[in-house]
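Data block below; observations after.
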Amino acid sequence: MRKKNKTMSSAAKLKRTITRQCSIKKKYATTYKDIKKYFKEFNRVVFRNKLSAFGDVLIKDLTREKCMGQVVTMEWKRKGTRFYKLEMEPSYKSKRDFLDTLIHEMVHLYQMQNLGDNGTHNDLFWSFEPKVQKIGLRL
Ligand SMILES: [Zn+2]
């Protein structure tokens, strides 16, 4: 008789990794390397690799913007081109806060880039909540 393999879903695997990495609550310093790494992971598990990378990524102080992260739309009307720039804080209270923020901004990117949506916190945005919860994060 063949032994049945217990296979974990990729979301469950990622959730386990995230839980392990976020077990110690300490201040997290943002790196471009981590943004790239987790973008790839979240893209694979949550967006089935349908998300194109941000046109640009910038780590900067967002105190004045009163947000933890944001997607800035860069548009050249005459050329008819547009790209999306991700801005993230230099540090977060915890790694979990960093990951929550990154997935949040990635849902905004998906709304605007893939679905031509206005990228607000509408029903479309919140429809991603179950998928995000599956990997142990919050929108
Ligand atoms: Zn938002």
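Numbering of the sequence shown is given in this note's numbering, commencing with residue 7 and proceeding in unit increments. In this text, a Cβ means the ideal position worked out from N, Cα and C, and glycines have one as well.
Using the C-alpha atoms, what's the distance from residue j back to residue i?
i, j, result
"H127", "M118", "12 Å"
"F104", "R144", "11 Å"
"M94", "T13", "35 Å"
"A18", "L57", "21 Å"
"F115", "F45", "Before going on, a small fix: residue 115 reads as Leu here, not Phe. Going from the Cα of L115 to the Cα of F45 covers about 11 Å."
"Y98", "T37", "11 Å"
"F219", "L68", "No information on residue 219 is available, as it lies outside the stretch 7 to 145 that the chain covers here."
"F60", "Q139", "23 Å"
"D62", "Y90", "7 Å"
"L130", "R88", "21 Å"
"G142", "I24", "7 Å"
"L92", "K33", "21 Å"
"C28", "W82", "40 Å"
"G125", "M112", "10 Å"
"S16", "V51", "6 Å"
"M80", "H110", "19 Å"
With respect to the beta strand (DSSP E) encompassing residue i, which residues constitute its N-terminal and C-terminal limits?
i, result
"D62", "62-65"
"T126", "T126 -> no beta strand (DSSP E), and no H or E assigned at all."
"E91", "Note on identity: in this sequence residue 91 is Lys, with Glu being the wrong assignment. Taken as a continuous stretch (DSSP letters only), the beta strand (DSSP E) holding K91 covers 87-94."
What residue range is occupied by the uninterrupted alpha helix (DSSP H) comprising residue i?
i, result
"Q76", "Per DSSP, Q76 belongs to no alpha helix (DSSP H); it is in the beta strand (DSSP E), 75-82."
"K101", "101-115"
"F131", "129-132"
"T23", "16-27"
"F146", "No answer is possible for residue 146: the residues shown for the chain start at 7 and end at 145."
Review point. Can you pull every residue whose C-beta falls closer than 6 Å to some heavy atom of ligand 1, listed in chain order?
Key: H110, H114, H127
Exercise for review: State whether the segment 96-114 contacts the segment 72-82, with contact taken as three or more CB pairs (one from each stretch) at a distance under 8 Å.
Suggested key: Verdict: yes, contact present.
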